[in-house]
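Please read the structure below before turning to the comments.
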Amino acid sequence: MTNPHLDIAPEVAEALAAGRPVVALESTIITHGMPYPHNINMASRVEEILREGGAVPATIAVINGRLKIGLSAEERNILADCKDPMKLSRADLAYALAQTRTGGTTVAATMISAHQAGIKVFATGGIGGVHKGAEESFDISADLDELSRTPVIVVSAGAKAILDIEKTLEVLETRGVPVVAFGTDTMPAFWSRISPFKAPLRLDRAEDIARFYQVRGHLGIVGGMLIANPVPEASEIPADTMRGYIDAAQAELDRDGITGKAVTPTLLARILELTEGASLQTNIALVENNARLAAKIAGAL
Ligand code: PSU
Ligand code: MN
C-alpha cells in the first residue's frame, strides 16, 4: 500500500491482510443521493448489515483531500452534513485530493479506490448509465466505462429506472461487462423488481458469482462485473406506478435545462417528493439487500 493519498482504516487493512471478507460502499449516495438524516442512518445501517454478514465495511469517500477507505462514525457525519460536497468520478477524484476537497465517490470513483486498496466487492444502490435522450445529450455515466476496466464486483439493484435501461444494457455489452441478474431472468429496475428487458446472464448463488469472477481472472479478462439484485418484494414500487413519477421528474428536468452531474441527484430528489418519500424507503431497502448479497460474495471469494 504505497499510495500516499489513501487512508485505509486499521480494521479494513487488517481484514485485507488476513484475507477476510471486505465490502466497499460508495458515498455519493450519502452526499447527493439521500437527504439528511436518512443518508447517515442508511450509511450506518448498511455497515451493520455487512458486519452481520461477516464482512468488514469500507465506506469510501474523500475528506479534506484524503482518500478514505473505511470511515469512522465521526467521518460519516462530516460527510453527511458537509455543506458543498463534490460528486466525484474518474475525471475529478484526483482533483479533489490535490485541492484538499471533500466529496462523495460515485460508483466509478469507488471502484477505482476499492481496487487501489485491494477490495474486490462493492455494494451500491443503482449504477449510473445511459440517460433518456442520450442520443441528443450524450449523457452516459462514467460508471459504465469504469465497469469495463476495473476488476471489482458491483452489487446493484440494476440500473436506475430514470435511465434508458435498454441502451444501458447495450453499452455494457459493447464494453464487455457481464450483467448478472441474481435469482431472476429479468433485469431489475431499481425501485421495481422487473423491467421489460431480459437479463443477459443469471446466477442463483453467491458462490457462483465468486467463481465467475475468478474464471474471468484466469482468462486475463480485464474489468468488473455488474450484479443486478432485485429489491425485496415487500419494498418494491411496481414499474407501472414508477413510470408516471419518472416521466414527470424528467419533464421538469428538461424544462429547467438541468444537465451534467446534477441530473441524477435532481431526478432522485424530485421522485422522492412525488412519491412522498416512498421512493426513499425503497432505495434504503434495496441498498440493504445489496449489502447482504455483497457480504456473501466477499465471503465466497
Ligand atoms: N445509487 C443510489 N443513489 C445514488 C447513486 C447510486 O441509490 O445517488 C449515485 C452513484 O454514486 C452513481 C451516481 O455512481 O449516482 C451516478 O451519477 P451519474 O449519473 O452522474 O454518473
Ligand atoms: Mn451524467
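The opening position of the sequence shown corresponds to residue 1 in UniProt numbering, with each subsequent residue numbered one higher.
Every residue gets a Cβ at the ideal spot worked out from N, C-alpha and C, and that includes glycine.
- Annotation for Thr275: Tyr245 place their beta carbon closer than 6 Å to its own, counting only its chain and skipping 5 residues before and after.
- Where Lys167 is concerned, the enclosing alpha helix (DSSP H) starts and stops at Ile165 to Thr174.
- Across the structure, Thr168 and Gly158 are spaced so that their CA atoms are roughly 10 Å apart.
- One residue after another in chain order, those with a Cβ under 6 Å from a heavy atom of the ligand MN are Asp139, Ser141 and Val263.
- Secondary structure within the region 29–66: the beta strand (DSSP E) runs of 3 or more consecutive residues, fully enclosed, are 56–63 (chain order).
- By the neighbour-count criterion, in which 16 or more other beta carbons inside 10 Å mark a residue as buried, Tyr36 falls on the exposed side.
- DSSP, read as helix, strand or coil, puts Leu71 in coil.
- For Gly104, the enclosing beta strand (DSSP E) covers residues Gly103 to Thr105.
- Closest in C-alpha terms to Ile237, from the list Gly176, Gly299 and Gly277, comes Gly277.
- When C-beta atoms of the region 100–111 are compared with those of the region 68–85, three or more pairs fall below 8 Å, so the two segments count as touching.
- Going by beta carbons, Gly220 and Val152 fall outside the 8 Å limit.
- Here Ser113 carries a helix assignment [DSSP, helix/strand/coil].
- Remark: three or more beta-carbon pairs, one from each stretch, lie closer than 8 Å, so the region 52–71 and the region 4–16 are flagged as touching.
- A distance criterion of 7 Å places the beta-carbon of Asn283 in contact range of the ligand PSU, judged by its closest non-hydrogen atom.
- Contact between the region 136–147 and the region 37–54 is not established, with fewer than three Cβ pairs separated by less than 8 Å.
- The three-state secondary structure of Ile140, taken from DSSP, is strand.
- Around Thr282, the same chain offers Trp191, Val231, Ser235, Glu236 and Ile237 as residues with beta carbons nearer than 7 Å, after the five sequence neighbours per side are excluded.
- For Lys198, the number of other beta carbons within 10 angstroms of its own is below 16, and it is reported as exposed.
- Assignment of Val231 by DSSP, reduced to helix, strand and coil, places it in the coil class.
- Cβ-Cβ separation between Gly125 and Gly33: approximately 7 Å, consistent with a contact (criterion under 8 Å).
- Of the heavy atoms belonging to the ligand PSU, at least one sits nearer than 7 Å to the Cβ of Gly33.
- Beta bridge pairing from DSSP links Thr186 with Lys198.
- CA-to-CA, the gap between Val287 and Ala123 works out to about 7 Å.
- Put simply, the backbone Cα of Glu207 is about 15 Å away from that of Asn290.
- In the structure shown, Leu272 adopts helical secondary structure according to DSSP, grouped into three states.
- Beta-bridge annotation (DSSP): Ala181 is paired with Arg202 and Ala228.
- The straight-line gap separating the alpha-carbon atoms of Leu268 and Ala285 is approximately 15 Å.
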